[in-house]
Each structure stands twice: as C-alpha cells, then as structure tokens.
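In our numbering, the protein residues as written are 1402 to 1784.
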Amino acid sequence: MASIKSYETDKGIRYMVRYRKPDGGTTTKRGFRRKLDASRWAVEKESSKNHGAFVTESAGAISIGRLEPAWMAKQKTSCKPSYMRSLETTWKTHVRPTWAARQIKDLKPSEIQEWISDLSERRSASVVLRSVRILAGILDDAVRDQRLARNPARGLALPRKSVRAHAYLSVDELYALSAACVDGKGHRHSGDDFQRSVLVLLLGTVGLRWGEAIGLRWRDVDFDRHRISVRVSATQVGNGIVVGLPKSWEARTVVFPEALDEPLRRLGEGRGADDLLFAGPLDGHMRQPKPKDGSWYAGAVKRAGLKPMTVHDLRHTAASLMVRSGANVKAVQAQLGHKSAAMTLDIYADLFDDDLDAVGEAMNAILLRSALIPCSKRPAEAA
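Printed below as a string of structure tokens:
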C-alpha cells in the first residue's frame, strides 16, 4: 500500500506519496499541496496497478517528436505512397510546430481540443482530421507501450467532412465531353487529343479510378470478352509515378461496353502488349489534370458547356449509368472495386432511390392481396 508523508518547503507544507511499482521497487511522487490530493492520487495509482494500467512518471517524460518516427514508419506498411506524402506534409506543417517538443505526460485533452478548434478555423476538415490522426496515433502507441494510462487526444469534438454532391453526366453529355477533348486550337485529330477523348469515355463508362486507368497496359485488355484486368494503380507522388496495387489492395476484372471497341482498337494501333494505353510525361504515364483553367480537361469541360467537374466525377457518372442500365448493387461494387456493397450504397444511395419506389409498390401489392386489407380496398376481381 502507498504511504503519505508531509515535508517542509520554503512555500509551506507539502505531501509526498511513497508507493510500490509493479516490479517491486519503490518510488515517490512529491509536491501535493493537500493531503487529500495526495491520497486521491495514491488511490488512482493502486487502481491502475490492479487493472494493468500502471505508468511510471518517467515513462511519460518523452516528447511527441521522439515518438513520431516509429509511428510514421509503421504507416508505411499499410498506406500508399501518395497518402504517406500527405501524412508527412501534415506532420511537418500542422502537428510538429505545436506538439513535437511537448512531453506526452503533460498533454491535456482541453489544450488538444483548443488546437483542433483553432486549426478547424484555418484548414479544411480533411486536413484537421489527418492532423488529429497523427497526434492521436502517436499517443495510442504510447498507451500500448505503457508510457501513458490513457490517450488525451481521443474522444474529442472533431469537424465533419462536407459531402459534395456527385456530378452525373448523361450519355449525351459524356460524348460531348469526349468530343471536346481538343487542344484549344482546333486540332481535333492530334494523338494526344484522341487519347484523351478515349480516356474520358473509358472513365465515364467503366468507372476506373484515374491511377487505375493510366496504369493499364494493352495486355490487360481482352477484346473478345470485353474485359479489362485492373492489376495496378499508377499514383502521382510529387513529379513522379509510384506503381502499386489498386486502392482496394486487390486486382479485379471489369467489363467495358462494346461501343468502346473501335476507339480502343484505333488507339492501340502500332502498340505492343507491354505499352501503356495512355502515355504521358510522368515516367511514361499521363499527368492527372486539375479542375482549373489551363488543363486540357478543364478546357474540354468548358467547351462541352458543362459545369466545372473533376476527373473523379467521371467515375460517379459510370456508377450512375450502371444503375440506370439495371445493374444491381453487387455488380456495381465489383465493377468499381469497393470493399463491400454497403460502401457502394453509402456512396451512391441517391442512385438507388428508385429501388425504394419499387419496394413500396411491391409491398402495396402484397398487402392488397392480404386478408389484412378490407375487401373494399382490394383490386376488383376479374369477372
């Protein structure tokens, strides 16, 4: 059991707690102004020993900056290069300046909450959530290493990401966008323009992610079965390309419409099986255009008379066309490479609203045939 003793200081009487550690050694905690505070602290320490949550004072005397390299190295085992770059930038810009020098034992939930609130006023929700993920993740490791009893960065109020409404193109609008892929000088038949035109059609009908599309090689295309094997994703990191597995970490096979046969075959003339479908300046790959003036994509959107939209909106368009064609949610999930049908429904719930109408009509028909509905409400029987 812990013992409490008083001692004299220049500022008056203080109390210290002498207690036994789980390893059998003894140590003290000094500086309590009141015996009651020392007693409460001693009870908490004894409780933490009984529940396996004991932490020595010296264990928490380590800075966030000292613990960050190990946490960041761990992320590399599960995060893609592009996201790793975002984590490293966020650490250097938003987390390190405030927390790197602070010892973890001194951190309080209130000051972390204040930091979150201040950051939320200046940065997007995505940046804030990524910043908190880094700080909280480092402290989670400290808890597991028994440097902290609990994580002060957990259970705090966080901003919510705003969900942007999806942009869905009709078939006519998709073809108009594809036709508008010119260089702005009227050279409709240049090689780059035709390549971009085919890429827009592929993204808008098949639903590939940008990195998946620009990573395709001609050996991945099966014209007989109208299938494309999605084996890799080419992710732009800085001014280079990192080729890895698709976002779901699994290769998959998708179908492409027969209407793309002719443009795809034309695009592949003179190319070998190992050549990329869509060539560009980044290690042989295309550079992803930004939704702003100056990019070939922004120019095509403007010339087609469409509202500003991102390249990723073409993936949303493909999803909408699949649903309109009668595809069920499992088929859409497989085509898009989502982890689950639930994820597909969460993202594209608005596309399945008509299904709810069909459910309501079918349920109504069942009830009308049931004895639970008064005869006067049933459909008239055929004479």
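For every residue, glycine included, the Cβ atom is placed at its ideal position computed from N, Cα and C. Source: prediction; values computed, not measured.
Between the stretch 1409 to 1422 and the stretch 1433 to 1444 there are three or more inter-stretch CB-CB distances shorter than 8 angstroms, so the stretches are counted as touching. Excluding its 5 nearest sequence neighbours in each direction, G1612 has C-beta neighbours in its own chain below 6 angstroms: S1634, A1635, T1636, listed in chain order. L1578 is positioned such that its CB atom lies closer than 8 angstroms to that of A1705.
The residue among I1615, I1629, F1624, V1631 with its C-alpha nearest the C-alpha of V1643 is I1615. The three-state secondary structure of K1406, taken from DSSP, is strand. The C-beta distance from L1683 to G1738 rounds to 23 angstroms, too long to fall under 8 angstroms, and the pair is not in contact. The beta carbons of N1552 and L1570 sit about 45 angstroms from each other, so the pair does not count as a contact at 8 angstroms. By the C-beta density criterion, G1538 is buried, having at least 16 other C-beta atoms within 10 angstroms. The residue among A1580, L1661, Q1736 with its C-alpha nearest the C-alpha of V1631 is Q1736. With contacts defined by Cβ atoms closer than 8 angstroms, T1491 and R1523 do not form a contacting pair. Rounded to whole angstroms, the gap between the alpha carbons of S1741 and A1439 is 53 angstroms. With contacts defined as CB atoms closer than 8 angstroms, Q1504 and I1535 fail to qualify as a contacting pair. Looking at the backbone, the Cα of V1730 and that of L1752 are separated by about 10 angstroms. Scanning its chain for C-beta atoms nearer than 8 angstroms, with the 5 sequence neighbours on each side dropped, one finds around M1723 the residues G1608, A1732, V1733, Q1736, in chain order. With contacts defined as CB atoms closer than 8 angstroms, M1687 and G1695 fail to qualify as a contacting pair.
Taking C-alpha positions only, A1460 is separated from R1548 by approximately 5 angstroms. Here DSSP, grouped into helix, strand and coil, assigns Q1689 to coil. Sixteen is the threshold: since fewer than 16 other Cβ atoms of the shown chains lie within 10 Å of the Cβ of Y1408, the residue is exposed. With respect to R1419, T1427 sits close: the two C-beta atoms are nearer than 8 angstroms. Scanning H1567, S1483, L1665, R1467 for the CA closest to the CA of P1709 turns up H1567. Cβ-Cβ distances below 6 angstroms link S1521 to V1529, P1560 in the same chain, with the five nearest sequence neighbours on each side left out; the list follows chain order. Here the alpha carbon of A1728 sits roughly 22 angstroms from the alpha carbon of F1624. Each residue's CA atom was taken as its position, placing T1654 and R1620 some 13 angstroms apart. Residue ranges of uninterrupted beta strand (DSSP E) with 3 or more members, entirely inside the stretch 1659 to 1687 and ordered along the chain, are 1680 to 1683. By alpha-carbon distance to E1489, the top candidate from E1445, P1470, S1563 is P1470.
DSSP places D1594 in the helix class (H, G or I) of the three-state scheme. In this structure, L1557 lies near I1517, with their beta-carbon atoms less than 8 angstroms apart. Close CB contacts of A1701 within its chain, under the 7 angstroms cut and outside five residues either way in sequence, are with L1578, A1581, C1582 (chain order).
The beta carbons of T1745 and G1605 sit about 18 angstroms from each other, so the pair does not count as a contact at 8 angstroms. Annotation: the continuous alpha helix (DSSP H) that includes K1703 extends over 1697 to 1704.
Counting of Cβ neighbours within 10 angstroms places L1715 among the buried residues, the total reaching 16 or more.
DSSP assignment within the stretch 1432 to 1483 yields the following whole alpha helix (DSSP H) runs of 4 residues or more, N-terminal first: 1436 to 1451, 1465 to 1476. Non-local beta-carbon contacts of R1597 in its own chain, meaning distances under 7 angstroms to residues more than five positions away in sequence, involve C1582, W1697 in chain order. Residue environment: R1666 is assigned as exposed (fewer than 16 neighbouring CB atoms within 10 Å of its CB, all protein chains considered).
When beta bridges are read from the DSSP output, I1642 appears opposite Q1637. A1403 and V1444 have their alpha carbons spaced roughly 8 angstroms apart.
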